[in-house]
Amino acid sequence: MRVDKYLWCIRVFKTRSIATNACKQGKVKIGGQLVKPSREIYPTDIIDVRKNQIDYEYHVLDLPSSRVGAKIAGLYVVDKTPKERFEKLELLKYSQDYYRKKGAGRPTKKDRRDIDDWFEEPNNSTTNKKEE
Numbered sequence: 129m130r131v132d133k134y135l136w137c138i139r140v141f142k143t144r145s146i147a148t149n150a151c152k153q154g155k156v157k158i159g160g161q162l163v164k165p166s167r168e169i170y171p172t173d174i175i176d177v178r179k180n181q182i183d184y185e186y187h188v189l190d191l192p193s194s195r196v197g198a199k200i201a202g203l204y205v206v207d208k209t210p211k212e213r214f215e216k217l218e219l220l221k222y223s224q225d226y227y228r229k230k231g232a233g234r235p236t237k238k239d240r241r242d243i244d245d246w247f248e249e250p251n252n253s254t255t256n257k258k259e260e
């Protein structure tokens, strides 16, 4: 079975074209070597996939005949990704918050209205005319 089709069948990627593009971009390795989408895979192969800034490591158990449900995908693959890689992603999220706090960018519509209301000078003449 082709590596791109296998990654799609076990639901690593949502579509087969995304799996093919990942192979072409060098995000898929088998045995430490970059592979083309047409590379054949066999049981006992170890596939390394770079996705969402995490390097996943999958151990091939068996080859499915077609795309399988998420619940039975575990029959065909074992995820051997170390926990340290997920912790690294958490640290990356915290480091992004350090450089730019939420809301520190361009003001929203509500922020703009609040700023306009704050700078607006009260006109006593308009309020007096309404009362009369």
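Numbering-wise, our numbering comes out as the position in the sequence shown, counting from 1, plus 128.
We put the beta carbon where it would ideally sit given N, CA and C, even for glycine.
Would you report the Cα separation of residue i and residue j, rounded to the nearest angstrom?
i: VAL205; j: ARG178; result: 16 Å
i: VAL188; j: TRP136; result: 13 Å
i: LYS238; j: LYS221; result: 27 Å
i: ASP132; j: ARG213; result: 23 Å
i: TRP246; j: PRO235; result: 15 Å
i: VAL140; j: ASP242; result: 46 Å
i: GLY159; j: ARG167; result: 12 Å
i: ASN149; j: VAL156; result: 10 Å
i: ASP162; j: ILE200; result: Reading off the sequence, residue 162 comes out as Leu, not Asp. Cα to Cα, LEU162 sits roughly 28 Å from ILE200.
i: ASP207; j: GLY233; result: 39 Å
i: GLY154; j: ALA147; result: 11 Å
i: ARG240; j: GLU248; result: 12 Å
i: LEU203; j: VAL196; result: 10 Å
i: GLN181; j: ARG144; result: 20 Å
Per DSSP, which residues does residue i bridge with? Please list them.
i: ILE174; result: HIS187
i: LEU162; result: LYS157
i: ILE200; result: In DSSP, ILE200 forms no bridge with anything.
i: VAL205; result: VAL188
i: ARG130; result: GLU168
i: ILE243; result: According to DSSP, which records beta bridges pairwise, ILE243 is partnered with nothing at all.
i: LYS109; result: Outside the shown range of the chain, which is 129 to 260, sits residue 109, and nothing can be said about it.
i: VAL179; result: Note that residue 179 is Lys in the sequence shown here, rather than Val. DSSP lists ILE182 as partners of LYS179.
Quick check on this structure: which residue in the options has the alpha carbon closest to the alpha carbon of residue i?
i: ASP176; options: ARG130, CYS151, LYS216 and TRP246; result: CYS151
i: PRO210; options: ASP244, ILE243, TYR186 and GLY233; result: TYR186
i: ILE138; options: ARG240, GLU215 and SER193; result: SER193
i: TYR184; options: ARG240, GLY233, LEU217 and THR148; result: LEU217
i: LYS142; options: ALA198, VAL163 and LEU203; result: ALA198
What distance in whole Å lies between the Cβ atoms of residue j and residue i, which are believed to be in contact at a cut-off of 8 Å?
i: ILE169; j: MET129; result: 6 Å
i: LEU191; j: PRO165; result: Rounded, the Cβ-Cβ distance is 16 Å, inconsistent with contact.
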